[in-house]
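**Q** A single structure is presented below for examination.
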Amino acid sequence: MRGKKILITGGTGQVARPVAEALAIDNEVWCLGRFGDPHARKALQELGVHTAVWDMATDDLEGLSRDFTHVLHSAVHRGDGRDFEETARVNAVGTARLMTHCSAAESFLYVSSGVVYNRADRTHRYRESDPLGGAAPWLPTYPIAKITAEGVVRGLAEALELPTVTARLNIAYGPYGHGGVPMILFNQMRAGQPCAVPREGQNYCNLLHTDDVVRQVPLLWDAARVPARLVNWGGDEEVGITDLLEYMSALTGVPVQLDRGDYSRETAVFDHGVRRGLIGDCSVGWRAGIARTLADLFEEYRDRIDAYMDARGAGTAK
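The numbering used here applies: residue 1 is where the sequence shown begins, and numbers increase by one.
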């Protein structure tokens, strides 16, 4: 992808930041965000990314040019867990402002989440046509943030005739920011804290490495249409969270304590038929991706990880 003018919101996030850094090599890239971490903003600027502060709860987009060819909207107001009305308002209004401002773009990509699905059993493979009505006990306002924004995206894509695709993200991870859910869990392990897992069985997900995120974003832009397309977005492999925890323990030697109780953070498994038909398969397997991410973010374990991988003929984490 070359010579485009790209606007990305949520500029320091797990999805947005690596995409911005990669595309800035051959394109003019602008990142909008609150930039609570000034070091992340500086790092983006040093790579040629233009940055501007934008709080979707309060700020309009006056002063920002309108000639963007591609938009990636990953910013979200998750809410405080209690105020559903304000969460819905902020995400609806912020998304509407962005789409209206960029109505002349060639393509608009909205990053939603699998949290929107009405929960079935832990082994159900969610399809894009499955019922909505997600629940997130760990942050009850989060599903309404995504469901509300999806509705705005769907409506304005047609009203503005703006080619659009909504990608419902599973779990993205990699050597950026906090590393995603797997690295949050690993930090719990390092701190000697138990990791909550179901009393019976385990939660499953589709881990998506940021290398695949970066590679697939332009492909998703190409798939945008009016009416807006909808696609599940995760890794090809189904990964049990308990298996993930035990694998990270084997790689690093850090013991894991499993808390088999009544509460664990639910994850989801996707049916990827639509995504595969549109943009193909992923390129990073979860075991190699997790090993590389751990080695990048926690250098003290790199030699052990390399030895583990080499012993199993899987190369190294480099």
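C-beta atoms are modelled at their ideal positions from N, C-alpha and C, and glycine is treated no differently.
#1: Give me, in chain order, the residues of the same chain whose beta-carbon lies closer than 6 Å to that of Ser-103; leave out the 5 immediate sequence neighbours on both sides.
#2: Just tell me which of Glu-28, Glu-86, Asp-259, Leu-61 has its CA closest to the CA of His-50.
#3: With 16 as the cutoff for other CB atoms within 10 Å, does Arg-2 come out buried or exposed?
#4: How do the segment 140-150 and the segment 82-93 stand: do at least 3 beta-carbon pairs fall below 8 Å, yes or no?
#5: Could you please give the first and the last residue of the uninterrupted alpha helix (DSSP H) stretch that includes Trp-39?
#6: Between which two residues does the alpha helix (DSSP H) containing Lys-146 stretch?
#7: For the beta strand (DSSP E) that Arg-229 lies in, which residues bound it at each end?
#8: Which one or two residues does DSSP pair with Phe-270 in a beta bridge?
#9: Quick one: using the 10 Å Cβ neighbour count with 16 as the cut-off for buried, is Glu-266 buried or exposed?
#10: How long is the line joining the alpha carbons of Lys-5 and Asp-26, rounded to whole angstroms?
#11: Please state if the CB of Leu-244 and the CB of Met-309 are separated by a distance shorter than 9 Å.
#12: Let me know the secondary structure DSSP gives Ile-171 once reduced to three states.
#13: If you pair each beta-carbon of the segment 247-263 with each one of the segment 297-312, do three or more pairs fall below 8 Å?
#14: In angstroms with no decimal places, state the Cα-to-Cα distance between Val-269 and Gly-134.
**A** This is what the structure gives:
#1: For the purposes of this step, residue 103 is taken as the residue at position 103 of the sequence shown. Once the five neighbours on either side are set aside, the close Cβ partners of Ser-103 are Leu-160, Leu-162.
#2: As a working note, residue 50 is residue 50 in the sequence shown. The option with the nearest alpha carbon to His-50 is Glu-28.
#3: Counting from one through the sequence shown, the residue named residue 2 turns up at place 2. Flag for Arg-2 reads exposed.
#4: yes
#5: Walking along the sequence shown from the start, residue 39 turns up at place 39. In the sequence as displayed, the identity of residue 39 is His instead of Trp. Element bounds for His-39: 38-46.
#6: Within the sequence shown, numbered from 1, the residue matching residue 146 stands at position 146. Here the alpha helix (DSSP H) through Lys-146 covers 142-159.
#7: The residue labelled residue 229 in the question sits at position 229 within the sequence shown. Segment 229-233, the beta strand (DSSP E) holding Arg-229.
#8: For the purposes of this step, residue 270 is taken as residue 270 along the sequence shown, with counting starting at 1. Tyr-126, per the DSSP bridge assignment.
#9: In the sequence shown, residue 266 corresponds to position 266, counting from 1. By the neighbour-count rule (16 or more Cβ atoms within 10 Å), Glu-266 is buried.
#10: Taking the first residue of the sequence shown as position 1, residue 5 is located at position 5. Taking the first residue of the sequence shown as position 1, residue 26 is located at position 26. Their Cα atoms are separated by approximately 10 Å.
#11: Translated into positions along the sequence shown, residue 309 becomes position 309. Translated into positions along the sequence shown, residue 244 becomes position 244. Result no, Cβ atoms of Met-309 and Leu-244 do not sit closer than 9 Å.
#12: The residue given as residue 171 occupies position 171 in the sequence shown. Correct three-state label for Ile-171: strand.
#13: yes
#14: Residue mapping note: residue 269 aligns to position 269 of the sequence shown, counting from 1. Residue mapping note: residue 134 aligns to position 134 of the sequence shown, counting from 1. Rounded to whole angstroms, Val-269 to Gly-134 spans 14 Å at the Cα level.
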